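Novice: Chains as they are written, first to last, in the numbering used here: chain C, 15 to 486; chain P, 427 to 637. Yeah, the Cβ is synthetic: ideal placement off N, Cα and C, and Gly gets one too. Given the structure is predicted, the values throughout are model-derived calculations rather than measurements.
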């Protein structure tokens, strides 16, 4: 475990207010989920999970096919698909388009994928204004922090923190009533929506057979982001794919319930391309950026591939006894909780934070609540084994490095080198036969014998090169 | 180019080749229950009310008109171009702007109106959702920008739920660029998990079922 990981965990554990905030928020989400998936509320819950798992498995195992189908359908409806291997390529695309269209102001809806590639920072670095519009994300952006939880980004902040932030950053009188704080944000952000040149969203699902982006939300900021500006860009991980719109009858039932205990979130948008002839409003341009950023790295492994089934509901965070103590910011990357513990090492490499797969009690609560049945504890175990293997490799490398360092040291000390040479020559067999062939019998066994039988060193010369040089 | 690189990496990892066909995905799971209309309406109203939405059952179009007239009294309203609103005489109520097909004009009106009035293509009984499909009749912003939304829906459009919606509209992309489900008023719980309604979308929603 890195010092940084350890320090963050201890800071969180020592903060009583934060402990209470995490505990209450996760308990609430956890209980609401349990109510809405209980057998009397949703009798076919287990069947839905099985179906969701089967559909995701099929899609991931044929991902190239569905990506191409998706691309064809987006283009058939007048949209455009762009592939990006990393954050730089995402930013380059957005910057290029913004420059071309003379865009200055971007409104953004909540997206873990854009958090992953630090899109706001990259855009702002190039002089664009990029505003988060989900209330929690907006607060987080004003505070220059990362989201604390996949579905509740500002979980760790109180109304008083928000009051301080708004006063400082928005120049408004201090306001501690939550309804009024929300009204302030609505007013500020409404102006941004109406003035924005580009709207950037994430995607909860990509529907291959429709070329559609599906987005779920409660506030209405996603609808505004994708309807008010003339350009809509959706940025999504390649794994968000599902084959058909009809599969949503399964996934939407699971997502709202697992995330926040809602039958459906307030808004579900199914968007396929720019506005069409006859439609009064909606964007004129529609782009979908398909991001790799490490995802293809975990495709070859049949066991760990299932990590890509995740629909980012956050249920595993709320169920996890570790997350509920150490919170979201202790985790080394944007994804926290059990799902963060399995995808971070795979996207970033296990050495990013070797302690991460071990920060789990393997109690299995995450797998129990996962709507797509990802066997998180199993993947954690495999990652632990990967970390250990990497450590062994590292140790072996260290031994090798040590040997070469000793050799280099010897080579840069001529006197010692000469003495070592003499010492070696004195150990040569007196009869002038091969050194290696004279290896004592007890060591000359098995595969070693075969190796030794074909190799040897020339007999030691009477005088070394150095001696001859001195006497020339 | 990243497209080809990414697709190549995926194929290599999965042991597939370019253009290789795939087996059929698991059959779609669509289960449409048999629920009679009165039960659908009761279930839909219960779901909407549980989310703090309002409901009204209008026996006739004239009844719907009277209800909406009372609800928007003294307020400014913008109505979508749905033929059903014209049929009910709601589009021609005093104080209601309707028949707008220009994007900028409509946007300006929606940004200042107190109430947005729409119909809905469908409604879902089990979740209390309205299904809005973009068209000349229904613009996206009418149900989004004003602080209150009233939807007037003929009873025949009430489906049992998501499964029936996706059996009636198996691929929404064939129909329009946008299909939105609206389930209750806009809400957030981002500050201290305290529920606040009307953060970006309408904080009040009223569903009127006619017939």
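Assess, as a yes-or-no matter, whether the region 314 to 324 of chain C is touched by the region 255 to 275 of chain C under the definition of 3 or more beta carbon pairs within less than 8 Å.
Specialist: no
Novice: From the beta carbon of residue 472(P), is the nearest beta carbon of chain C less than 8 Å away?
Specialist: By one-based count along the second chain, residue 472(P) stands at place 46. Residue 472(P) does not count as touching chain C.
Novice: When DSSP labels each residue in this structure, what does residue 149(C) get in the three-state scheme?
Specialist: For the purposes of this step, residue 149(C) is taken as residue 135 along the first chain, with counting starting at 1. Helix at residue 149(C).
Novice: Any Cβ of chain C within less than 8 Å of the Cβ of residue 479(P)?
Specialist: Looking up residue 479(P) in the second chain gives position 53. It does not: the Cβ of residue 479(P) has no partner Cβ on chain C nearer than 8 Å.
Novice: For residue 181(C), which three-state DSSP category applies?
Specialist: Counting from 1 along the first chain, the entry for residue 181(C) is found at position 167. Three-state DSSP puts residue 181(C) in a helix.
Novice: Look at the alpha carbon of residue 106(C) and the alpha carbon of residue 445(P), and state the distance between them as a whole number of angstroms.
Specialist: The count along the first chain starts at 1 and reaches residue 106(C) at position 92. The count along the second chain starts at 1 and reaches residue 445(P) at position 19. Each residue's alpha carbon lies about 29 Å from the other.
Novice: Counting only beta-carbon atoms, is residue 617(P) nearer than 8 Å to chain C?
Specialist: Here residue 617(P) refers to the residue found at position 191 of the second chain. Chain C contact via Cβ: present.
Novice: Are the beta-carbon atoms of residue 227(C) and residue 220(C) separated by less than 8 Å?
Specialist: If you number the first chain from 1, residue 227(C) lands on position 213. If you number the first chain from 1, residue 220(C) lands on position 206. It is a contact, given that the beta carbons lie within the stated cut-off.
Novice: Going by alpha carbons, who is nearest to residue 552(P) out of 608(P), 600(P), 516(P) and 570(P)?
Specialist: As a position in the second chain, residue 552(P) is number 126, starting the count at 1. Selected option, being the one with the closest Cα: 608(P).
Novice: Taking the DSSP output, what are the residues bridged to residue 131(C)?
Specialist: Taking the first residue of the first chain as 1, we reach residue 131(C) at position 117. DSSP output for residue 131(C) lists no bridge partner at all.
Novice: Are there 16 or more other CB atoms within 10 angstroms of the CB of residue 37(C), so buried, or fewer, so exposed?
Specialist: As a working note, residue 37(C) is residue 23 in the first chain. Exposed, since its Cβ has fewer than 16 Cβ neighbours within 10 Å.
Novice: For residue 527(P), would you say it is in contact with chain C, using Cβ-to-Cβ distances shorter than 8 Å as the test?
Specialist: Here residue 527(P) corresponds to residue number 101 of the second chain, with the count starting at 1. Closer than 8 Å: yes.
Novice: Please name the residue or residues paired with residue 301(C) in a DSSP beta bridge.
Specialist: For this step, residue 301(C) is matched to residue 287 along the first chain. Its beta-bridge partners are 94(C) and 247(C).
Novice: Counting only Cβ pairs nearer than 8 Å, list the residues of chain P close to residue 192(C).
Specialist: Indexing the first chain from 1 puts residue 192(C) at position 178. Simply 617, 618, 620 and 622.
Novice: Just to confirm before moving on: does the CB-CB distance between residue 127(C) and residue 285(C) stay below 8 Å?
Specialist: Mapped onto the first chain, residue 127(C) falls at position 113. Mapped onto the first chain, residue 285(C) falls at position 271. For residue 127(C) and residue 285(C), no; Cβs fall outside 8 Å.
Novice: What three-state label does DSSP hand residue 345(C) in the structure shown?
Specialist: Here residue 345(C) corresponds to residue number 331 of the first chain, with the count starting at 1. Note: residue 345(C) maps to coil in three-state DSSP.
Novice: Under 7 Å between beta-carbons, which chain P residues line up against residue 294(C)? List them in chain order, please.
Specialist: The sequence position of residue 294(C) within the first chain is 280, counting from 1. 527, 529, 532, 562 and 565, listed in chain order.
Novice: Looking at the C-beta of residue 342(C), does it have a partner C-beta in chain P at a distance below 8 Å?
Specialist: Counting from one through the first chain, the residue named residue 342(C) turns up at place 328. Residue 342(C) does not count as touching chain P.
Novice: Give the interface partners of residue 279(C) over in chain P, defined as CB-CB distance under 8 Å, in chain order.
Specialist: As a position in the first chain, residue 279(C) is number 265, starting the count at 1. Neighbours of residue 279(C) across chain P, judged by C-beta separation under 8 Å: 609.
Novice: So, is residue 479(C) buried or exposed, given that buried needs 16 or more other C-beta atoms within 10 angstroms?
Specialist: Within the first chain, residue 479(C) is the residue found at index 465, counting from 1. So residue 479(C) counts as exposed.
Novice: How far does the alpha helix (DSSP H) with residue 274(C) in it extend, from its first residue to its last?
Specialist: One-based indexing of the first chain puts residue 274(C) at position 260. Counting along the chain, the alpha helix (DSSP H) containing residue 274(C) begins and ends at 262 to 274.
Novice: When Cβ atoms are compared, which residues of the region 450 to 467 of chain P fall closer than 8 Å to chain C?
Specialist: 451, 452, 454, 455, 456 and 457
Novice: Who are the near neighbours of residue 433(P) in its chain, counting only those whose CB is closer than 8 Å to its CB and skipping five residues on each side?
Specialist: For this step, residue 433(P) is matched to residue 7 along the second chain. Excluding positions up to five away in sequence, the list reads 444.
Novice: Among residues of its own chain, excluding the 5 on either side of residue 100(C), which ones have a beta-carbon nearer than 6 Å to its beta-carbon?
Specialist: What you label residue 100(C) is simply residue 86 of the first chain in a count that begins at 1. So the list reads 307, once near-sequence residues are dropped.
Novice: From the DSSP secondary-structure annotation, give me the bridge partner or partners of residue 613(P).
Specialist: By one-based count along the second chain, residue 613(P) stands at place 187. Its beta-bridge partners are 623(P).
Novice: Between the Cα of residue 74(C) and the Cα atoms of 442(P), 566(P), 624(P) and 506(P), which residue gives the shortest distance?
Specialist: The residue you call residue 74(C) lines up with position 60 of the first chain. Taking only the C-alpha atoms, the option nearest residue 74(C) is 442(P).
Novice: Under DSSP, the beta strand (DSSP E) around residue 484(P) begins and ends at which residues?
Specialist: As a first step, residue 484(P) is located in the second chain; it is residue number 58 there, counting from the start. Where residue 484(P) is concerned, the enclosing beta strand (DSSP E) stretches over 480 to 484.
Novice: Considering only C-alpha positions, which residue in the set 486(C), 88(C), 84(C) and 166(C) is nearest to residue 274(C)?
Specialist: For the purposes of this step, residue 274(C) is identified with residue 260 of the first chain, where counting begins at 1. Answer by Cα proximity: 166(C).
Novice: For residue 337(C), which residues in the same chain have their Cβ closer than 6 Å to its Cβ, ignoring the five residues on either side in sequence?
Specialist: To locate residue 337(C), count along the first chain from 1; it is residue 323. Cβ within range, chain order: 331 and 351.
Novice: On the premise that residue 528(P) lies in contact with residue 503(P), defined as a C-beta separation below 8 Å, what is that separation, rounded to the nearest angstrom?
Specialist: Numbered from 1 along the second chain, position 77 holds the residue referred to as residue 503(P). Numbered from 1 along the second chain, position 102 holds the residue referred to as residue 528(P). With a Cβ gap of about 18 Å, residue 503(P) and residue 528(P) do not count as contacting.
Novice: Closest to residue 550(P) by C-alpha separation, out of 376(C), 152(C) and 278(C), would be which residue?
Specialist: What you label residue 550(P) is simply residue 124 of the second chain in a count that begins at 1. It is 278(C) whose Cα lies nearest to the Cα of residue 550(P).
Novice: Tell me the rounded alpha-carbon separation between residue 537(P) and residue 207(C).
Specialist: By one-based count along the second chain, residue 537(P) stands at place 111. By one-based count along the first chain, residue 207(C) stands at place 193. Approximately 11 Å, taken between the alpha carbons.
Novice: Indicate whether residue 543(P) and residue 506(P) have their beta-carbon atoms separated by less than 8 Å.
Specialist: One-based indexing of the second chain puts residue 543(P) at position 117. One-based indexing of the second chain puts residue 506(P) at position 80. The answer is yes: Cβ separation under 8 Å.
Novice: How about residue 212(C) and residue 120(C): are their beta carbons less than 8 Å apart?
Specialist: Sequence index remark: in the first chain, residue 212(C) carries index 198 (1-based). Sequence index remark: in the first chain, residue 120(C) carries index 106 (1-based). In contact: residue 212(C) and residue 120(C) (Cβ atoms closer than 8 Å).
Novice: Using the three-state DSSP reduction, which class does residue 122(C) fall into: helix, strand or coil?
Specialist: Your numbering for residue 122(C) matches position 108 in the first chain. Here residue 122(C) sits in strand by DSSP.
Novice: Starting from residue 570(P), find everything on chain C with Cβ-Cβ shorter than 8 Å and list it in chain order.
Specialist: Position 144 of the second chain holds residue 570(P). Those are 234, 237, 238 and 241, listed as they occur along chain C.
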